[in-house]
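Protein chains in written order, with UniProt numbering: chain A, 1 to 274; chain B, 1 to 274. Glycine residues also receive a C-beta, built at the ideal position from the N, C-alpha and C atoms. The structure appears below as structure tokens.
There are 2 protein chains.
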Amino acid sequence: MNLQDSAIVQQFQQHCSLTEEEKVLLLELEQNPLKVNAGDIIWQENSKVDQFCTISQGWAYSFRNLGDGSRQILKVYLPGDIIGMRDFAFSNRLAGVAMIEEGIVSHFSHEHLLKIFRHSTALTAGLFAIACRQQAVLTERLIYLARRTAQQRLAHFLYEMYLRLGRIGAADEGRFRLPLSQEQLGDILGLSAVHVSRTFTAFREDGLVLRDRHRVTLPDPEALAQLAEFDGGYLNDAVPALFFDREWQSHMLAGPTARSDEQMPGKSKAASAD
Amino acid sequence: MNLQDSAIVQQFQQHCSLTEEEKVLLLELEQNPLKVNAGDIIWQENSKVDQFCTISQGWAYSFRNLGDGSRQILKVYLPGDIIGMRDFAFSNRLAGVAMIEEGIVSHFSHEHLLKIFRHSTALTAGLFAIACRQQAVLTERLIYLARRTAQQRLAHFLYEMYLRLGRIGAADEGRFRLPLSQEQLGDILGLSAVHVSRTFTAFREDGLVLRDRHRVTLPDPEALAQLAEFDGGYLNDAVPALFFDREWQSHMLAGPTARSDEQMPGKSKAASAD
DNA sequence: CGATTATTTGAGTGCCTTCAATACTAGTGG
DNA sequence: CCACTAGTATTGAAGGCACTCAAATAATCG
Chain A
1 MNLQDSAIVQ QFQQHCSLTE EEKVLLLELE QNPLKVNAGD IIWQENSKVD
51 QFCTISQGWA YSFRNLGDGS RQILKVYLPG DIIGMRDFAF SNRLAGVAMI
101 EEGIVSHFSH EHLLKIFRHS TALTAGLFAI ACRQQAVLTE RLIYLARRTA
151 QQRLAHFLYE MYLRLGRIGA ADEGRFRLPL SQEQLGDILG LSAVHVSRTF
201 TAFREDGLVL RDRHRVTLPD PEALAQLAEF DGGYLNDAVP ALFFDREWQS
251 HMLAGPTARS DEQMPGKSKA ASAD
Chain B
1 MNLQDSAIVQ QFQQHCSLTE EEKVLLLELE QNPLKVNAGD IIWQENSKVD
51 QFCTISQGWA YSFRNLGDGS RQILKVYLPG DIIGMRDFAF SNRLAGVAMI
101 EEGIVSHFSH EHLLKIFRHS TALTAGLFAI ACRQQAVLTE RLIYLARRTA
151 QQRLAHFLYE MYLRLGRIGA ADEGRFRLPL SQEQLGDILG LSAVHVSRTF
201 TAFREDGLVL RDRHRVTLPD PEALAQLAEF DGGYLNDAVP ALFFDREWQS
251 HMLAGPTARS DEQMPGKSKA ASAD
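Printed below as a string of structure tokens:
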């Protein structure tokens, strides 16, 4: 695979600059691609944490089954995302992960992550930045689940997906494919499937969202964003310049207490960061 | 300050093993202690991200003001917590932070964090683990805000605080101090202050929670946990042994430039989760 | 084409909200 | 020591949003 084609390399390049060596290190995460089918369980809640994975094709989601038989979907994963990083600090999975549609995932181990920490401060910072942004998305979801009406929740989710999909080239002029049933949408939004249906009906009547099965059209995305009180900061805000600046690295080398003599072998200048 | 007394060192020691040098590196984060008063704003939403801080005394919370005048409290910080790490990847703050009561905070910079990445893989992994666990707490909150009744939300929050406070020695036999008004509790739980009051009343009548101003007593903590469908995994689950094993580090040192040829030199098994 | 699953729509219910009024607590100054 | 004030907590009444149950329609798949 070409270095630039990898979804995960692209994801990282939005968060830090990468040398060729670092790209190779990242691509190692995708050494073991595995084709999976729609509905396949990647892992179950409470199973032992042995590895993580990246998703290079298809959609997935993480979920928790609740006591009363209902279920909460926690996060929707798109190509380029790393799945299960949160479990890094745990022995047992806090959530299951399942495929929404067929795709390709690649498993990698704890050690792989540690290797990244060990070999590249830039990748470490990038990984940290990605984790921070994931947490920001989660926080935003928490706010609208706790505080907002069904219309605002659905509007927010649709607009967020629209932005995320646009970023990976899967949305176009307010139109995109959304391979989720209303049941699944309900599980994401903390609503009953019935009420999701009613909310879509209301949107259709208002001309805010048109939907034909899994095709969604937003005639006026900004109107939807406004309804949702969508504050794009958590998705659009710039990553600090620091992440793209490799200078600090050499400065740091001058610092005290240095324990590892050189961890970026030879490399100090950005090679091909855009 | 004695190395062991620092709340932040203790926090890290729950997530990884530390050498003396690493403790020193951590204590540097608390070089600039600052006394702050109840209600003081540490930083405002949308302000520029310049630094982070640790809290060594007092309680704080992060919050977002919403369009309709309401407010969501996102996270409650206790001594030993790092505040604002999520902002690491952003130029502008996504949330404000304010003190609940007077306390001591210490500011530190981006560069400090990078210095940690640079100098200690163990601290990096520990920091990552702490971030993962914070995200787990957030996820749990998302679930109960999205899905559960007022009683379950309050029960969950009280029990969670009980565990967290117990961990830093501030709870004892089901009794602890909770310096939050019902208004603030409502902002945490996504409920109106009025309904928080009603819920406390119901708990008192059921003998589940006794409250006198800011003193809370849980006569039967486990009953409360059961009501909340509290699944302690996200707080209690063991950190993988790997975090306390410094062996992998020296192994890594064996092959700094080595790329893919040997990805887990020698002990590929032991380091994996227990 | 028939069986199954997904979506739509209606009717009735319940949890939590808002509005409003009352009681309590803590802090202040006479 | 008490009256005054401002913040906090309690309790009641009415209303709305989303839920469940139930039935009808539409889409998908073998």
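Query	Result
Rounded Cβ spacing between I188 of chain B and G80 of chain B (contact assumed at less than 8 angstroms)	So it is not a contact: roughly 20 angstroms between Cβ atoms.
Between the CA atoms of G186 of chain B and D206 of chain B - distance to the nearest angstrom	21 angstroms
Reference H156 of chain B, options B:L227, B:R213, B:I104, B:I130, closest by Cα	B:L227
Contact test: G39 of chain A Cβ vs the ligand FMN heavy atom, cutoff 7 angstroms	Looking at this structure, you won't find the ligand FMN or any other ligand, since it has none at all.
Within chain A, the residues that E229 of chain B reaches when beta carbons sit closer than 9 angstroms	L66, G67, D68
Environment of D231 of chain A [buried if 16+ CB atoms lie within 10 Å]	buried
T19 of chain B in three-state terms, based on DSSP	coil
Residue environment, P240 of chain B, which counts as buried when at least 16 other CB atoms sit within 10 Å	buried
CB contact check: G190 of chain B to chain A, cutoff 8 angstroms	yes
Contacts of Y234 of chain A in chain B (Cβ-Cβ under 7 angstroms)	L94
CA nearest to the CA of L74 of chain B, picked from B:L208, B:Q13, B:A95	B:A95
Where M85 of chain A meets chain B, residues with beta-carbon distance less than 8 angstroms	C132
Identity of the residue in A:R175, A:D172, A:G174, A:H195 nearest Q182 of chain A by Cα	A:H195
Secondary structure of N65 of chain B, DSSP reduced to three states	strand
Beta strand (DSSP E) segments (min. 3 residues) lying fully within the region 79-155 of chain B	96-99, 103-109
For K23 of chain B and A129 of chain B, the rounded distance between their alpha carbons	17 angstroms
Minimum C-alpha distance to G233 of chain B - residue among B:L242, B:L163, B:D220	B:L163
Unbroken alpha helix (DSSP H) run spanning F203 of chain B, endpoints	193-206
Residues of the region 133-148 of chain B whose Cβ lies closer than 9 angstroms to any Cβ of chain A, in chain order	R133, Q134, Q135, A136, L138, T139, E140, R141, L142, I143, L145, A146, R147, R148
Euclidean distance between Cα positions of L66 of chain B and Q72 of chain B	7 angstroms
Of the residues A:M85, A:I104, A:R93, the one placed nearest C132 of chain A, counting alpha carbons only	A:M85
Alpha carbon of E222 of chain B to alpha carbon of Q135 of chain A, nearest angstrom	30 angstroms
Neighbouring residues, chain B, relative to T19 of chain A (Cβ below 7 angstroms)	Within 7 angstroms Cβ-Cβ: nothing; T19 of chain A doesn't reach chain B, min ~12 angstroms.
Span separating the alpha-carbon of A171 of chain A from that of Y77 of chain A	15 angstroms
Cβ pair count under 8 angstroms reaching 3, the region 51-64 of chain B against the region 100-117 of chain A	no
Environment of S47 of chain A [buried if 16+ CB atoms lie within 10 Å]	exposed
Three-way DSSP call (helix, strand, coil) for A7 of chain B in this model	helix
Within chain B, the residues that V239 of chain A reaches when beta carbons sit closer than 8 angstroms	A89, F90, S91
Chain A within 8 angstroms of Q72 of chain B, Cβ atoms only	yes
E173 of chain B classed as buried or exposed, judged by whether at least 16 other C-beta atoms fall within 10 angstroms	exposed
Where S167 of chain B falls: helix, strand or coil (DSSP)	Going by the sequence as given, residue 167 of chain B is Arg instead of Ser. Helix.
Against chain A: residues of the UniProt domain "HTH crp-type" (148-222) of chain B by CB proximity under 7 angstroms	G190
Chain B contact residues for A98 of chain A, given Cβ-Cβ distances below 9 angstroms	Under the 9 angstroms cutoff, chain B gives no residues; its nearest Cβ is about 17 angstroms from A98 of chain A.
Simplified DSSP assignment, three categories, for V24 of chain A	helix
Where A125 of chain A meets chain B, residues with beta-carbon distance less than 7 angstroms	L114, F117
Assigned secondary structure, Q182 of chain B (DSSP; H/G/I helix, E/B strand, else coil)	helix
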